[in-house]
Amino acid sequence: MGRSPCCEKTGLKRAPWTAEEDMTLVAHIERHGHSNWRALPKQAGLLRCGKSCRLRWINYLRPDVKRGNFTGEEEDAIIQLHSILGNRWSMIAAKLPGRTDNEIKNVWNTHLKKRLEAASSPSAAPKRKAKNPVAVAAPEGPNSLPAPSPEQSPSTSYTSDEEFQIDDNFWSETLAMTVGSSVSGTESSGDPFGADSASPSSSNEEMDFWVRLFIQAGDVQSLSQI
DNA sequence: AAGCAGTGCAACCGCAGATCA
DNA sequence: CTGATCTGCGGTTGCACTGCT
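In terms of my numbering, the first sequence is residues 284 to 509.
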């Protein structure tokens, strides 16, 4: 497995994307698709590397990507999913329609992680000087992400009242995936039962972990599968 | 009003798996 | 089968913005 040669750096832009670049990229993808990210910037006439184009498309330009504040439900879901999946942001993002792994990662690192730390040890809570302190203090309250400026968010609008729900079969899927992979021993360090994790190590503890999790989630169907 | 420090987000970097020739 | 290339992912960084002193 050779490492991919880093994209040609000379002459490539690394500044924030402009509206014009966004339009060029969107127009090219709408016309030709994005079967080859590496060749795309050249074909589209962009002075960007393929990775950069891909990231921009996935995180901001895709028509189905949501922009705006995370709801309390979404934040709770992220916390819950992170407790199961660890730092597998792409998998967490797959369960939050319209949200990207990068966005979820940012929210986790900037809000949720600190909030959980503060909750677990209130005395150690850092002094807050947030743009929107309400979001830090109250999980169910308004969210802290500022509404993006128009030129930064050319895609769909989003209201904080929008409902979020995890698929009914999510927990059973996750159980099959995570437990199955932990048996095969092929999981990465993000595995909740990985060697570097504080999660249960024996099968009994593991079972107990899932039982508690499904009870917490109210997922009787998955509970019965254990 | 100005300076400082903390916060949040967009973007980049580098690694690893998947795929292709 | 092997090596090269591409894609996707998670971690990290840079900087604009905000609020406090």
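For each residue, glycine too, the CB sits at the ideal point set by N, CA and C.
Nothing here was measured: the structure is a model prediction, and the numbers come from that model.
Residue i to residue j span [Cα, whole Å]
i: residue 341; j: residue 392; result: 20 Å
i: residue 354; j: residue 372; result: 18 Å
i: residue 322; j: residue 363; result: 39 Å
i: residue 387; j: residue 324; result: 27 Å
i: residue 311; j: residue 339; result: 13 Å
i: residue 300; j: residue 343; result: 10 Å
i: residue 305; j: residue 327; result: 11 Å
i: residue 377; j: residue 399; result: 23 Å
Residues of its chain near residue i, where Cβ-Cβ distance is below 6 Å and the 5 sequence neighbours each way are ignored
i: residue 397; result: none
i: residue 374; result: 368
Reduced DSSP category for residue i - H, G, I as helix; E, B as strand; rest coil
i: residue 331; result: coil
i: residue 376; result: helix
i: residue 310; result: helix
i: residue 349; result: coil
i: residue 354; result: coil
i: residue 393; result: helix
i: residue 324; result: helix
i: residue 366; result: helix
i: residue 317; result: coil
i: residue 300; result: coil
i: residue 337; result: helix
Cutoff 8 Å; reference residue i; Cβ partners in own chain excluding five residues on either side
i: residue 303; result: none
Check whether the region 349-366 touches the region 314-332, taking contact to mean three or more Cβ pairs, one atom from each stretch, closer than 8 Å.
no
Can you find at least 3 beta carbon pairs, one from the region 352-371 and one from the region 331-340, that sit closer than 8 Å?
no
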